[in-house]
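Colleague:
Chains as they are written, first to last, in this note's numbering: chain X, 40 to 411; chain P, 10 to 478.
1) Anything in chain P within Cβ reach of residue 312(X), meaning under 8 Å, just list it in chain order.
2) So residue 133(X) packs on residue 201(X), CB below 8 Å; how close in whole Å?
3) Opposite residue 62(P) in the DSSP bridges: which residues?
4) Which residue from 89(P), 91(P), 64(P), 471(P) puts its Cα closest to that of residue 222(P)?
5) Going by DSSP, name the residue or residues bridged to residue 186(P).
6) My output table needs one value for residue 269(X): the three-state DSSP class, helix, strand or coil.
7) Looking at chain P, which residues of the segment 238-263 of chain X have a Cβ within less than 9 Å of any of its Cβ atoms?
8) On the three-state DSSP scale, how would you describe residue 255(P)?
9) Got a sec: which bits of the segment 59-74 of chain P sit with their beta carbon under 8 Å from any beta carbon on chain X, in order along the chain?
10) Could you tell me the distance, in whole angstroms, from the CA atom of residue 350(X) to the CA atom of residue 141(P)?
11) With a cut-off of 8 Å on the beta carbons, I'd call residue 288(X) and residue 333(X) a contact; round off their distance for me.
12) Just checking: is the beta-carbon of residue 316(X) within a distance shorter than 7 Å of some beta-carbon in chain P?
13) So residue 414(P) packs on residue 478(P), CB below 8 Å; how close in whole Å?
14) Using a C-beta to C-beta distance shorter than 7 Å, which residues of chain P count as neighbours of residue 158(X)?
15) Tell me which residues of the segment 216-238 of chain P have at least one Cβ-Cβ distance to chain X shorter than 9 Å, keeping chain order.
16) I want to know whether the segment 400-415 of chain P touches the segment 236-252 of chain P - three or more CB-CB distances under 8 Å.
17) Which residue wins for smallest C-alpha separation from residue 417(P), given the options 289(P), 278(P), 269(P)?
18) For residue 44(X), I'd like the list of residues in its chain whose CB is within less than 7 Å of its CB, leaving aside the five on either flank, ordered along the chain.
19) Nearest chain X C-beta to residue 193(P) closer than 7 Å, yes or no?
20) Rounded to the nearest angstrom, what separates residue 114(X) and residue 159(X) at their Cα positions?
21) How long is the line joining the alpha carbons of residue 313(P) and residue 275(X), rounded to whole angstroms?
22) Does residue 315(P) get closer than 7 Å to chain X when you measure Cβ to Cβ?
23) Output yes or no for whether 7 Å exceeds the beta carbon distance between residue 293(X) and residue 83(P).
24) Kindly say whether residue 320(X), judged by its beta-carbon, lies nearer than 7 Å to any beta-carbon of chain P.
25) Report yes if the CB atom of residue 159(P) is closer than 7 Å to the CB atom of residue 131(P), and no otherwise.
26) Taking a cut of 7 Å between CB atoms, which residues from the segment 279-311 of chain X lie near chain P?
27) With a threshold of 6 Å on Cβ separation, who are the neighbours of residue 349(P) within its own chain once the five nearest residues in sequence on each side are excluded?
28) Compile a chain-ordered list of the residues in the segment 325-353 of chain X whose CB is closer than 8 Å to at least one CB of chain P.
29) Tell me the DSSP secondary structure of residue 196(X) in three-state form.
30) Which same chain residues end up closer than 7 Å to residue 222(X) when comparing Cβ atoms and leaving out the 5 residues on each side of it in sequence?
31) In the DSSP assignment, what are the bridge partners of residue 390(P)?
32) Assuming the contact rule is C-beta atoms closer than 8 Å, residue 214(P) and residue 21(P) should be a hit. Round their C-beta distance to whole Å, please.
33) Whose C-beta lies closer than 7 Å to the C-beta of residue 49(X) among residues of the same chain, with five residues either side of it excluded?
34) Look up residue 131(P) in the DSSP assignment and say whether it is helix, strand or coil.
35) Have a look at residue 471(P) and residue 166(P) and give me their C-alpha separation to the nearest angstrom.
36) Rounded to whole angstroms, what is the Cα-Cα separation between residue 295(P) and residue 286(P)?
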């Protein structure tokens, strides 16, 4: 019993170890450790809920059950050994053997000799001699028992050494080796199951692949757009102005633009653009009265323009900034573009500067929105 | 002294400069794949230069600078031209200008944009090709010429109109490389081609920029792989998801059944949402706002023929797929009996698979009353029984990913993710459907799926994404 039962269960264990890498291992179900888990689940209170939530990788689960079984079996075998030693120490017990099969004492000795291979050379006394085997054979019939066995009663106790060594080797040492194997298997399974964890693959990728970053180092200062409407808007142009100027608009284009808007003027001049600053100052110097200043609606007002406007406004009575679209669009402007100009001019804030709206309707709506 | 030169190596820098409001920030946003850059049609949004380094494991391969636009170009040029120097000394005059006006608020924007250039950055001059050329740009280009730094021009197209030709003629006089680039529609190829142009600016920049190009390509693959992994996990988790609700008493009330159903649906939607969010993060679209139809789970009408044809499979397609997968199982039986069943197994399997699909089309999963653990019963919903569901989920996820991957980081505003029936034709064919169904069947079984299976499913998604992109 102390030899074959452990050997049998260990064989099953080894077999289940080979099968442990498939999701459902049937052999696992025969282990008490497996059922322990099931029984625990039936417990009321919090443990039940916790256990339900715990989701163990089934491959890992197999190895956990295998390892636990080994610990239980090892603890049991230790108990067995201690019980044997305890009984031997405290009681006088005699051991006997018998079998229905016709086995001679020599053959049985040979069998025991084989079983005792690990310790027979070190502790020869832990191997029953042929004499002891003969003397301790139990016969159900006949009176050999009473005579020989009683005569050698003191010798019959010698069997305990064999039993103790058999337990030590087959049930404990070998089990311990199997336990170590299961420990090793579990560790490997844990390593493997790590890869199935949520985010593990991502983490590994992060470690193996280069970390690429293209972002800015610091956050941008938030630009808050002020949505103030420009107060000095005009919806229609006058028929004539003292001078018509075009910011970065060539003179020949100015004629066409003014003509399309039925505006006449004795003086047309290009400012900004390719002019030098001195040329612009000269133009300002000769400007007077009301000036119609055409600007490209799609170009945002730069500070260069604002500088010019500031200087011009100081010199003349009134400046009408009139954004115009591209010639392809018949100089039509979009409300969105004019709003950009309106915002810039509202920052500038001169009483002499007026802005021509893109179209009465569109801008009117914008103004309403701004007011509301 | 090569070693000294090596240690002195400075990564290539590029300053994106130009007139205000010509899309500099959009271009930087697209090239740096950063959707946090403020892009606005109000001039002067960018007031400080910002650096966008491309870093790989802490090492900077190149650096992009977003800069404010020129404000007083003529004034700067007038200052520079006061100094009559030979061509080789012109950059020194620009440096003198910076030193002399460092604390002058008037020239804040010019200093901000000239500083990186004078520190060795190559110039990327941006103009808007949808608006006519004007002489006022010449002062800016002249200043850039004074810096003596290698330069290229990018013609951006903010609107529909096209004035590229006149721009090309003018820019050609100042820049040796002129390229057209629309940051609103950027693909990996276009991105790479701009980087290639940047690499040509200076000989010593070629190697690091070429390295960056390779990296961008592998980064793109990385993002695709990560996206498909997220999608695969989501489909598996959603299909195998189980929602439980314990109740005390003999039988569950309608309310309790309703609660478990709602919780189940909510969990499915949350999972889809969080997966979408993580895919947006993978593609650096953290600030994305989107509009899309909710995952269709409510009411049978959403599983009508029409909805199914848009999102998932039609009943007919589903029947064929399920029958094929049933036949495959049945064929196993035939194989076992060495064909002596006259392929009866395959036939029966196909019929059973078909019938299953026919009945499992409408309901998500029924609410089951299960178990009695020491007086407690519980309601359970899931795993997903609706065979169309994984296709709906997968279709939506693939659509979302392709939309995100194709979205330029320069685009602001709400992304409208509206899928139509033509999209299904783009990604799903009969072969893919059959391969997917095998996995969906496993997911539905509620059993733990082996990593190999999930990986195989993931690679099916990856292939699909690669084809679409």
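Glycine residues also receive a C-beta, built at the ideal position from the N, C-alpha and C atoms.
Modeller: On the basis of the data shown:
1) 143, 144, 145
2) Not quite, the Cβ-Cβ distance comes to about 14 Å (not below 8 Å), so this is no contact.
3) 72(P)
4) 64(P)
5) 161(P)
6) coil
7) 240, 241, 244, 248, 249, 250, 251, 252, 253, 254, 255, 256, 257, 258, 259, 260, 261, 262
8) strand
9) 59, 60, 61, 62, 63, 64, 65, 66, 67
10) 28 Å
11) 6 Å
12) yes
13) 6 Å
14) Simply none; closest approach about 45 Å.
15) 224, 225, 227, 228, 231, 234, 235, 238
16) yes
17) 289(P)
18) none
19) no
20) 25 Å
21) Note on residue 313(P): pLDDT 46, under 50, position unreliable in the model; the coordinate value appears next. When rounded, the distance between both Cα atoms is 59 Å.
22) Since pLDDT at residue 315(P) reaches only 49, below the 50 mark, its modelled position is unreliable, and the value read off the structure follows with that caveat. It does not; no Cβ of chain X falls within 7 Å.
23) no
24) no
25) yes
26) 287, 311
27) Note that residue 349(P) scores 49 on pLDDT, short of 50, meaning its location in the model is unreliable; the coordinates nonetheless yield the value given after this. Excluding residues within five positions, none has a Cβ falling inside 6 Å.
28) 335, 337, 338, 339, 340, 341, 342, 343, 346
29) coil
30) 106
31) 252(P), 376(P)
32) 4 Å
33) 213, 214, 217
34) strand
35) 33 Å
36) 8 Å
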